[in-house]
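Residue 48 in the numbering used here sits at position 48 of the sequence shown; the count goes up by one each step and never skips. C-beta atoms are modelled at their ideal positions from N, C-alpha and C, and glycine is treated no differently. It should be emphasised that the depicted structure is a prediction, and the values quoted were computed from it without experimental measurement. Inspection log for the structure reproduced underneath, given as structure tokens.
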Amino acid sequence: MTTPKKRTGIRMPEKLDNQLKAIADEKGFTKNAVMLQALQIFVKKNGVKN
Numbered sequence: 001m002t003t004p005k006k007r008t009g010i011r012m013p014e015k016l017d018n019q020l021k022a023i024a025d026e027k028g029f030t031k032n033a034v035m036l037q038a039l040q041i042f043v044k045k046n047g048v049k050n
């Protein structure tokens, strides 16, 4: 069983987009996976729970 997903779009500076792409390439992940990981860390550090 898969977790339901919600699609969203964000605007970001080109430099940040390039940095995310570089990290993803270096780690062998997709840019989406890198962004999800960063968002999960942010939510965890800010005490938001579902």
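- Judged by their CB atoms, A24 and K31 are nearer to each other than the 8 Å cut-off.
- Between T3 and N46, the alpha-carbon positions lie close to 23 Å from each other.
- Just so you know, the alpha carbons of L20 and A33 end up roughly 10 Å apart.
- For L36 and K15, the gap between their C-alpha atoms comes out near 18 Å.
- Straight-line measurement puts the Cα of M1 at about 30 Å from the Cα of E26.
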